[in-house]
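One structure below.
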Amino acid sequence: MEFSYQDESERWLNDIIENHYEEARQRALSLIDGGHIRATGCIESETRDARRVRFRGKQLHAYRFIYCILNRCAASYDDVVRHRCNNRLCLNPEHLEIGTRGENLMDERDFAANGVVHDLL
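According to full-length UniProt numbering, the stretch in the sequence shown is residues 1 to 121, in order.
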């Protein structure tokens with residue numbers, strides 16, 4: 001018998017992906033469609049802070065919801081969705097990737113030192 005621990009975030013995302021995927025996918029796409037495309041390729045909502053979304057009893061950042069649903073990824077609490085563009089308002093799935101908190105910190109330091117090269121996104 002193999003034991004596999006899943007935290008609450010993983011369990012919730014697994015349930016959504018397995019049982020409510022099409023509804024979640026439509027919600028993710030509507031969040032993207034409701035955003036404004038910037039010259040950098042970022043898709044931003046009109047919120048001052050990172051947009052949040054409520055779906056089936058749970059509230060989370062819209063960029064995390066979009067990434068996890070469109071990539072069918074049940075990210076754990078310890079996983080972070082990184083913005084390759086370094087713009088927390090961005091909802092563009094092409095600018096998002098999963099990573100660790102350490103990688104996210106390295107991204108912030110790299111951005112502070114070098115900025116973002118949007119041609120590489």
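Using N, Cα and C, we set each Cβ at its ideal position, and we do this for glycine too. From a predicted model like this one, the values you see are computed outputs, not experimental measurements.
Buried versus exposed call for residue i [16 or more other C-beta atoms within 10 Å across all chains shown]
i, result
"Asn14", "exposed"
"His95", "buried"
"Tyr5", "exposed"
"Gly57", "exposed"
"Glu10", "buried"
"Gly34", "exposed"
"Arg64", "buried"
C-beta contact flag for residue i and residue j at 8 Å
i, j, result
"His61", "Ala75", "no"
"Glu22", "Leu91", "no"
"Arg88", "Asp107", "no"
Expected contact under 8 Å - CB spacing of residue i and residue j to nearest Å
i, j, result
"Ala24", "Ile37", "Going by Cβ atoms, the distance from Ala24 to Ile37 rounds to 23 Å, so no, they are not a contact pair."
"Cys85", "Val116", "6 Å"
Residue i versus the options, residue with shortest Cα-Cα distance
i, options, result
"Thr100", "Gly57, Phe55, Val80", "Val80"
"residue 122", "Asn114, Cys73, Ile32, Gly102", "Any property of residue 122 remains undetermined from this structure, which presents the chain solely from 1 to 121."
Looking at C-beta atoms only, is the number of pairs between the region 9-29 and the region 63-74 that lie closer than 8 Å three or more? yes
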